[in-house]
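> Below you'll find the structure I mean.
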Amino acid sequence: MRYVKTVYLNEYIRPAQYFYSLHLVPFRKVSSKRVNIEGTVYNFWSIPKIKKRDYLLAFPLEKIDHFIVLEYTDPYQYLTLPTNKVYKRTDFKMKKRRVEYIYDDWERAD
Numbered sequence: 001m002r003y004v005k006t007v008y009l010n011e012y013i014r015p016a017q018y019f020y021s022l023h024l025v026p027f028r029k030v031s032s033k034r035v036n037i038e039g040t041v042y043n044f045w046s047i048p049k050i051k052k053r054d055y056l057l058a059f060p061l062e063k064i065d066h067f068i069v070l071e072y073t074d075p076y077q078y079l080t081l082p083t084n085k086v087y088k089r090t091d092f093k094m095k096k097r098r099v100e101y102i103y104d105d106w107e108r109a110d
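Numbering follows our numbering, with no gaps: position 30 of the sequence shown is 30.
Pasting the structure below:
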C-alpha cells in the first residue's frame, strides 16, 4: 500500500454519509480489522476504482473529522497487516504500479 494523502473534513461525518454525498457507490467496509496509525485507530473502506486506480480510505473509529487515502494493488494486502503494531504514514510505501501483461511479447512490442 502507498500513502496518498490525508483529507480533513469540515464536520464530523460517518463514512457511509460521506460516500453517499459524493456518489461513491458501491462502497464497503473491508473487514472488522482495525489498524493503529500514529495513535489513531482506523477501519478501512473500499470504493469504486477512480481513474483505474484502487484506493482504500481509512476512517478513524471516533471523531471522524478526517480520513487517510491509501492506494493498493492487491485487495487482500490490507488483511496481512499485523494489528498489534502502531504504524506511521511513512510505513505505507509502495513501488509505482507496474503493468503486467499476459504475454511476454506484449511488453516488448512497440
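Ideal Cβ positions, reconstructed from N, Cα and C, are used throughout, including at glycine.
Measure from the alpha carbon of histidine 35 to the alpha carbon of each residue in Asp54, His66, Pro26 and Phe59, then state which is nearest.
Locating residue 35 in the sequence shown gives position 35, where the first residue counts as 1. At residue 35 the sequence reads valine, which differs from the histidine that was named. It is Phe59 whose Cα lies nearest to the Cα of valine 35.
> What I want to know is whether the C-beta of aspartate 65 ends up closer than 6 Å to one or more non-hydrogen atoms of the ligand SAM.
Absent from the structure shown: the ligand SAM. Ligands present: none.
> Go through its chain and collect everything with a Cβ distance to isoleucine 47's Cβ below 7 Å, but skip five positions before and after it.
For this step, residue 47 is matched to residue 47 along the sequence shown. These residues qualify, in order along the chain: Phe19, Leu24, Phe27, Tyr55 and Leu57.
> Going straight from the alpha carbon of serine 21 to that of arginine 14, what length do you get?
Start at 1 with the first residue of the sequence shown, and residue 21 comes out as number 21. Start at 1 with the first residue of the sequence shown, and residue 14 comes out as number 14. Serine 21 and arginine 14: Cα-Cα distance of roughly 11 Å.
> Assign arginine 2 to one of three DSSP states: helix, strand, or coil.
Locating residue 2 in the sequence shown gives position 2, counting from the first residue. Correct three-state label for arginine 2: strand.
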